[in-house]
Every structure is written in C-alpha cells, then in structure tokens.
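Below: one structure, written as structure tokens.
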Amino acid sequence: MTTKVVQLTAEQTHPLRLAVLRFDTPTKDVVFPEDTWRGCRHLGLEVDGEVVAVSSWVPRPHPTEAAGPAVQLRGMATSRTVQSTGYGGLLVEGGCALMAADGVALVWARARDAALAFYLRHGFEVEGEGFIDHNTQLPHHLIVRHLR
1 MTTKVVQLTA EQTHPLRLAV LRFDTPTKDV VFPEDTWRGC RHLGLEVDGE VVAVSSWVPR
61 PHPTEAAGPA VQLRGMATSR TVQSTGYGGL LVEGGCALMA ADGVALVWAR ARDAALAFYL
121 RHGFEVEGEG FIDHNTQLPH HLIVRHLR
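Laid out in structure tokens, this is it:
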C-alpha cells in the first residue's frame, strides 16, 4: 500500500468536503472564500492512487495569539470508509511538517467537538470556550498547535 501527501486544487477537495463535512449540516456549500487566497495550500492523502483525506491550509493570523506566521487548517475531511485507520493523522502530520518547513510557527483551527480527540492526539491544544459554528450549527472549539 502506497500513501503520500499530495497537492490538490480547491475543486479536488470538494467531494470529500461535501460527503464528510456537509452531509448533516444546514449548508451544503463546500467552497470557502479562502480557497483562492494567495498562499492557500490544498493537500490530500493519496492511498494507492485514491485521495482519501483532504485539508486546506490558509495563511491567516490566529485570532488572539501573536506567535509568528500562522495558518488556519480548514476543511479537514477523511473518507468515511477509512476513518479511524490513521490516514487523517498522516495528512495532518504531513501538512504540519510542510508548514513548519515553510516557516509557519502556529497551526490553528475551528474544530468540531466531535473531532477534538483526533486533534489532541496530534499535538493540538484546546483554547478557550466552545461555540456553535454559524454555518454548521455544530459545537466547535478553537485548537492550536505550535510548530516551533
């Protein structure tokens, strides 16, 4: 079995964003305004030629922390057929390694509470009080991972 982190276009992330992140939410919109921002990177994990996980890494300062260059992790989605197999973790770790190599000091995200255990296993910390996300109407928390 061959796995590798690959560069994607924003459009290539849309099928998994829809199937995983929007299947049970009021909105079905999978296009993020940041998708076309300069420096935004879309990454996928390819397993034997099939993309099974996607993520987007948006150059954006953390809302309250001034820890140097930062990126927001958005649209992290792993195909339901391979969730809990470690593939999502491979993508997060690969993405963090690429960001660190680019000089990024901090990765942050607005994580669904249902995914907090996943992010904690990968070095993220929960920050502050939870909130209900406007688009999904699901509980979320800010999470951060320092890369330096």
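Take 1 as the starting number for the sequence shown in the numbering used here and just add one per residue. For every residue, glycine included, the Cβ atom is placed at its ideal position computed from N, Cα and C. Just so we're clear, the structure is a prediction, and the values are computed from it rather than from any experiment.
Worksheet item: Count the other CB atoms within 10 Å of the CB of A101; is the residue buried (16 or more) or exposed (fewer)?
Response: Within the sequence shown, the letter at position 101 stands for residue 101. Per the 10 Å Cβ criterion, exposed.
Discussion item. Which runs of the beta strand (DSSP E) at least 3 residues long sit entirely within the segment 67-94? Give them in chain order.
Written reply: 70-78
Worksheet entry | Beta-carbon proximity of G150 to H140, cut-off 8 Å | Outside the shown range of the chain, which is 1 to 148, sits residue 150, and nothing can be said about it.
Item to complete: For S79, count neighbouring Cβ atoms within 10 angstroms of its own Cβ and tell me buried if that reaches 16, exposed if not.
Response: In the sequence shown, counting from the first residue as 1, residue 79 sits at position 79. By the 10 Å Cβ count, S79 comes out buried.
Worksheet item: Which value, in whole angstroms, describes the spacing of the CA atoms of W108 and R17?
Response: Translated into the one-based positions of the sequence shown, residue 108 becomes position 108. Translated into the one-based positions of the sequence shown, residue 17 becomes position 17. Cα to Cα, the separation comes out at about 19 Å.
Discussion item. On the DSSP letters alone, give me the boundaries of the beta strand (DSSP E) that Q12 sits inside.
Written reply: Sequence index remark: in the sequence shown, residue 12 carries index 12 (1-based). Note, Q12: premise wrong, no beta strand (DSSP E); alpha helix (DSSP H) at A10 to L16.
Practice prompt. Go to R121, then tell me how far its alpha helix (DSSP H) extends in each direction, as first and last residue.
Written response: Your numbering for residue 121 matches position 121 in the sequence shown. Looking at the DSSP string, the run of the alpha helix (DSSP H) that includes R121 is L116 to R121.
Discussion item. If the criterion is Cβ atoms closer than 8 Å, does the pair F124 and G88 meet it?
Written reply: By 1-based counting over the sequence shown, the position of residue 124 is 124. By 1-based counting over the sequence shown, the position of residue 88 is 88. The answer is no: Cβ separation not under 8 Å.
Worksheet entry | Under 8 Å between C-beta atoms of V52 and V82 | Stepping through the sequence shown from its first residue, residue 52 is reached at position 52. Stepping through the sequence shown from its first residue, residue 82 is reached at position 82. Yes, these two residues count as a Cβ contact at 8 Å.
Discussion item. Bridge partners for Q7 per DSSP, in chain order?
Written reply: Position 7 of the sequence shown holds residue 7. L43.
Worksheet item: Roughly how many angstroms separate the alpha carbons of A97 and H146, rounded to a whole number?
Response: Residue 97 sits at position 97 when you count from the first residue of the sequence shown. Residue 146 sits at position 146 when you count from the first residue of the sequence shown. Cα-Cα distance, rounded: 12 Å.
Worksheet item: Residues in its own chain within less than 6 Å of L8 by CB, not counting five upstream and five downstream?
Response: Along the sequence shown, one-based indexing puts residue 8 at 8. Excluding sequence neighbours, L8 sits near H42 and G44.
Worksheet item: According to the neighbour-count rule (16 or more other Cβ atoms, all chains shown, within 10 Å of its Cβ), is T13 buried or exposed?
Response: By one-based count along the sequence shown, residue 13 stands at place 13. Counting Cβ neighbours within 10 Å, T13 comes out buried, since at least 16 surround it.
Item to complete: Would you decide whether S84 is buried or exposed? Buried here means 16 or more other CB atoms lie within 10 Å of its CB.
Response: Here the question's residue 84 lines up with position 84 in the sequence shown. Exposed is the call here.
Item to complete: Taking E125 as part of the beta strand (DSSP E), name the residues at either end of that continuous run.
Response: Residue mapping note: residue 125 aligns to position 125 of the sequence shown, counting from 1. That run of the beta strand (DSSP E) goes E125 to I132.
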